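Visitor: Supplied in structure tokens, the structure appears directly below.
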Amino acid sequence: MVAVSGFILLATALWCRGAQAQNTTSSTSPAAAVTAANTCAQLASSLGTSIVQTQSSGPEYSIGANFAWSTFNDEVNFQPTCIVFPNTTEHVQTAMKAIFQNKAEYSVQAGGHSGMTGWNTVENGILISFINMNSTSYDSQSDTITLLPGIHWGDATSALQQYGVAPVGGRVATVGTGLLLGGGISYLSPAEGYAADNYVSLDVVLVNGTLVTATVDNEYADLFKALKGGGNRFGIYPNSSSEAVLAALAHFVHDTTNPNAVLASTIRTTWENNSSPEIELDIVLVYNGTEASFNQSFAEFLSIPYTSIAVQPLSYLDLLEAVTFPDGLGTLFGASALTGVPVNSSIEQYLETYRLYNNFTTTFASSPDIAFTLLDFSPVPRSQIQAGYEKGTNPIVPPLGTGGYHEILFQVTYLEGVTQPSEDVEEGRQFWIANAPSTPGLPFFLNEADANQEVFATYGGYKFLKQVYAKYDPTRFNVEHTQGPLGL
Ligand SMILES: Cc1cc2nc3c(=O)[nH]c(=O)nc-3n(C[C@H](O)[C@H](O)[C@H](O)COP(=O)(O)OP(=O)(O)OC[C@H]3O[C@@H](n4cnc5c(N)ncnc54)[C@H](O)[C@@H]3O)c2cc1C
524 MVAVSGFILL ATALWCRGAQ AQNTTSSTSP AAAVTAANTC AQLASSLGTS
574 IVQTQSSGPE YSIGANFAWS TFNDEVNFQP TCIVFPNTTE HVQTAMKAIF
624 QNKAEYSVQA GGHSGMTGWN TVENGILISF INMNSTSYDS QSDTITLLPG
674 IHWGDATSAL QQYGVAPVGG RVATVGTGLL LGGGISYLSP AEGYAADNYV
724 SLDVVLVNGT LVTATVDNEY ADLFKALKGG GNRFGIYPNS SSEAVLAALA
774 HFVHDTTNPN AVLASTIRTT WENNSSPEIE LDIVLVYNGT EASFNQSFAE
824 FLSIPYTSIA VQPLSYLDLL EAVTFPDGLG TLFGASALTG VPVNSSIEQY
874 LETYRLYNNF TTTFASSPDI AFTLLDFSPV PRSQIQAGYE KGTNPIVPPL
924 GTGGYHEILF QVTYLEGVTQ PSEDVEEGRQ FWIANAPSTP GLPFFLNEAD
974 ANQEVFATYG GYKFLKQVYA KYDPTRFNVE HTQGPLGL
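Take the sequence shown: its letter number 131 is residue 654 in the working numbering, and every next letter is one higher.
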């Protein structure tokens, strides 16, 4: 096992009490219900009733229907006509062929952590749940890791520790492989690029059920690249192989072009004047190196007055388990992106982001529905962008010239038992999304966006993504029959 003594600054989070979400049930026509019922019957007959389960007959149906992290996506709001629990790639192909031929509504669920209502479940349609395809393996000869889609990053990291390697995956153990579809930010990203930059090959079930294997230089190279950020629009991945990395590879170069300088400055300014008792500040600083260099690299953050601090060496797995998020609550996301370079021209936009957040949070602090809100800044340093370019590029293609930037997540989480977002809170959340400043030319982070944000349009490779989508889904089946990112 590789013990890691630290890492990079990764996430800086401003917590508070407060906030909420949006619509829940997707409205589909009665005809869709009939189509789904017929497709489920057909699939039950070809795959069997332990793989294809319905609400009335399947013992695992409720587990699958309630697996989603956000309760806005659970069985109270969405009752898939049936859930397909594939054990093999062939099962996925069979399901997809029937869905495509019958023009049925469908959805796919891996780790279940989508913050977009309706993106990992479906009403009057077929849910493909990867609960039973959840293993990982390591091939030391090729130094690659193979992940089946139902595995969570904590379990994958735990299983691979014995080989001294780790996947470039999520920063929270319970998150799943759907993270790769939006690029994916890992603690290892500053050295390795987005998680998806590390793909070696991908098996992809195309929308019509055809299985292809995409690599960086075969005939599906365009699909391979599109899948490094193109969301769930290009097919279903029954497995992916990626480069294995030593768990201690991340590094952090602290220099004047690093956007964290402006973040530290923003925190100091807002924190020293903080008048909102509901809001607390957590800073997670992760560094791979000695404590002395940690102290030197993060001096600006460490000099901000704090009430408690814990500095300790952690294994990579410990690190993923160090930050947890409550399960079983309704949650919605919103995204923006800011560059903090050069410092003086950018701090005002960071301050404005915080002010909008503060206004929202103090407004809804006494709402009976809200558990908490979160404003989270994830640095994307220049080294991460560079690593993506070196590994064949992705459709996100953040500009190198900015010297790095921050992906910003605005998260609103409801209290247990709240099944629908309330209108006033949703109005406030949309106000933040519409007004949060963002630096022109920077991509938004699909994994942390609102369902209605046009994330693809912010990508440097938007035109490329549209061309590849038109090639692999010429009838636009996915856009019309499953919920997902807008703009294709
Ligand atoms: C607590 C928490 C921590 C997070 N931390 C991070 C982080 O550190 N880094 C980061 O980048 N993101 C992070 N995220 C965002 C996270 O990456 C996204 O929510 C991601 O979509 C979750 O993937 P999943 O497999 O868990 O979710 P799911 O909801 O199962 O899947 C997400 C989307 O991908 C689709 N999908 C999943 N698998 C497949 C497949 N095999 N083929 C086709 N489509 C598929 C689903 O239909 C859905 O639309 C975090 C989210 C939460 C809630």
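Ideal Cβ placement from N, Cα and C applies to all residues, glycine included.
These numbers come from a predicted model, not from an experiment.
Where do the N-terminal and C-terminal ends of the alpha helix (DSSP H) with Y928 fall, by residue?
Guide: Element bounds for Y928: not the alpha helix (DSSP H) but the beta strand (DSSP E), 927-937.
Visitor: Which of the three DSSP states is assigned to L861 in this structure?
Guide: It is a strand residue.
Visitor: Determine the direct distance from the alpha carbon of I956 to that of A858, and round the result to whole angstroms.
Guide: Their backbone Cα atoms lie some 7 Å apart in a straight line.
Visitor: Does DSSP classify P761 as helix, strand or coil?
Guide: Three-state result, P761: strand.
Visitor: When the Cα of G699 is compared with those of H675, A689, S681, S712, which residue comes out closest?
Guide: When each option's Cα is compared against that of G699, the closest is H675.
Visitor: Taking only the alpha-carbon atoms, compute the straight-line gap between L874 and S637 and give it to the nearest angstrom.
Guide: One C-alpha to the other measures close to 28 Å.
Visitor: Could you tell me the alpha carbon to alpha carbon distance between Q565 and A833, rounded to whole angstroms?
Guide: Q565 and A833: Cα-Cα distance of roughly 56 Å.
Visitor: Do V645 and S630 have their CB atoms nearer than 8 Å?
Guide: Yes; because the gap between Cβ atoms is below 8 Å, this pair is in contact.
Visitor: Taking 5 Å as the limit, tell me which residues put their C-beta closer than that to any heavy atom of ligand 1, in chain order.
Guide: Every residue passing the under-5 Å Cβ criterion appears here: V631, Q632, A633, G634, G635, H636, S637, W642, N643, P672, G693, R694, V695, V698, G699, G701, L702, L704, G707, I708, N755, I759, Y760, F848, N970.
Visitor: Applying the criterion that 16 or more other CB atoms from any shown protein chain within 10 Å of the CB defines a buried residue, is F775 buried or exposed?
Guide: In this prediction, F775 has a pLDDT of 36, which is less than 50 and means its spatial position is unreliable; what the coordinates show is noted afterwards. Buried, since its Cβ has 16 or more Cβ neighbours within 10 Å.
Visitor: In angstroms with no decimal places, state the Cα-to-Cα distance between N917 and V739.
Guide: About 11 Å.
Visitor: Along the chain, where does the beta strand (DSSP E) containing F967 start, and where does it finish?
Guide: Note, F967: premise wrong, no beta strand (DSSP E); not H, not E.
Visitor: Is the number of C-beta pairs between the segment 725-736 and the segment 657-667 that are closer than 8 Å three or more?
Guide: The answer is no - the segment 657-667 does not touch the segment 725-736, with fewer than three Cβ pairs under 8 Å.
Visitor: Just to confirm, are G480 and E795 a CB contact at a threshold of 8 Å?
Guide: No answer is possible for residue 480: it lies beyond the span of the chain, which begins at 524 and ends at 1011.
Visitor: Which of helix, strand or coil does DSSP assign to E646?
Guide: Three-state result, E646: coil.
Visitor: Return the chain-ordered ranges of every alpha helix (DSSP H) run that is complete within the segment 822-907 and spans a minimum of 4 residues.
Guide: Counting only runs of 4 or more, we get 822-825, 839-845, 866-887.
Visitor: Indicate whether the contact test is met: 3 or more Cβ pairs, each with one atom in the segment 687-706 and one in the segment 613-629, closer than 8 Å.
Guide: These segments do not touch.
Visitor: With a threshold of 6 Å on Cβ separation, who are the neighbours of Y743 within its own chain once the five nearest residues in sequence on each side are excluded?
Guide: Here the set comprises V735, A737.
Visitor: Determine, using beta carbons only, whether T640 and A972 come nearer to each other than 8 Å.
Guide: Not a contact, by the Cβ cut-off of 8 Å.
Visitor: When you compare the CB of S816 with every CB in chain B, is at least one pair closer than 8 Å?
Guide: Protein chains in the displayed structure number just one, and chain B is not present.
Visitor: Determine the burial state of P997: buried for a count of at least 16 other Cβ atoms within 10 Å of its Cβ, exposed for fewer.
Guide: With fewer than 16 other Cβ atoms within 10 Å, it is exposed.
Visitor: If I follow the unbroken beta strand (DSSP E) through Y661, where does it start and stop?
Guide: Run containing Y661: 659-662, per the beta strand (DSSP E) assignment.
Visitor: So who's on the other strand from Q685, going by DSSP bridges?
Guide: Answer is none; Q685 lacks a bridge partner.
Visitor: Is the Cβ-Cβ distance between W592 and Q1006 less than 8 Å?
Guide: It is not a contact, given that the beta carbons lie outside the stated cut-off.
Visitor: What do you reckon, is the C-beta of S890 under 7 Å from a heavy atom of ligand 2?
Guide: Among the ligands present in this structure, namely ligand 1, ligand 2 is not found.
Visitor: Can you tell which of V948, Y829, A559, Y722 has its C-alpha closest to the C-alpha of I651?
Guide: Selected option, being the one with the closest Cα: A559.
Visitor: Counting C-beta neighbours from all protein chains within 10 Å, is the total for G984 16 or more, i.e. buried, or is it exposed?
Guide: That one is buried.
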